[in-house]
Amino acid sequence: MAGSIRKLANAIPLARLLAAAQIVMLAHRHWHRLEPYERRRLLTLVRRGRIVGRGLSPAERAELARLIAKADPRLFAGLVAQRFSPVPLPRRVVRGRR
Numbered sequence: 002m003a004g005s006i007r008k009l010a011n012a013i014p015l016a017r018l019l020a021a022a023q024i025v026m027l028a029h030r031h032w033h034r035l036e037p038y039e040r041r042r043l044l045t046l047v048r049r050g051r052i053v054g055r056g057l058s059p060a061e062r063a064e065l066a067r068l069i070a071k072a073d074p075r076l077f078a079g080l081v082a083q084r085f086s087p088v089p090l091p092r093r094v095v096r097g098r099r
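In terms of the numbering used here, the sequence shown opens at residue 2 and continues consecutively.
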């Protein structure tokens with residue numbers, strides 16, 4: 002295990018590893034905007050929705066949309082773009098229109 006991690010670290014430049022770590026940290030913050038029971042429910046709905054032929058009911062789709070909206074994916078994408086942009090981004094680009 003340690004040998005494979007060492008090989009991976011040598012194969013991927015340090016800048017890319019740091020960039021990936023920053024994205025993971027941002028994703029962690031957004032994931033934890035949800036309560037633990039909401040995170041479990043989100044995972045359940047995603048798993049159930051991936052089963053071919055089963056699908057989600059309209060109520061489950063609405064619940065999934067609500068949970069995703071609570072995690073604020075628009076802000077997550079804006080913060081990632083801001084983090085890696087060589088120039089400062091306008092607030093409306095990062096946070097969207099309010």
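Yeah, the Cβ is synthetic: ideal placement off N, Cα and C, and Gly gets one too. Note that the structure is predicted; figures quoted are calculated from it, not measured.
- With distances taken between CA atoms, LEU19 lies nearest to ARG84 out of ARG84, VAL88, ARG92.
- Under the criterion of beta carbons closer than 8 Å, LEU68 and LEU35 qualify as touching, at roughly 6 Å.
- Burial check for ALA12: the Cβ neighbour count within 10 Å stays below 16, so the residue is exposed.
- Under the three-state reduction of DSSP, GLY56 is assigned to coil, being neither helix nor strand.
- Here the segment 86–96 makes no contact with the segment 37–45; the two share fewer than three CB pairs at distances below 8 Å.
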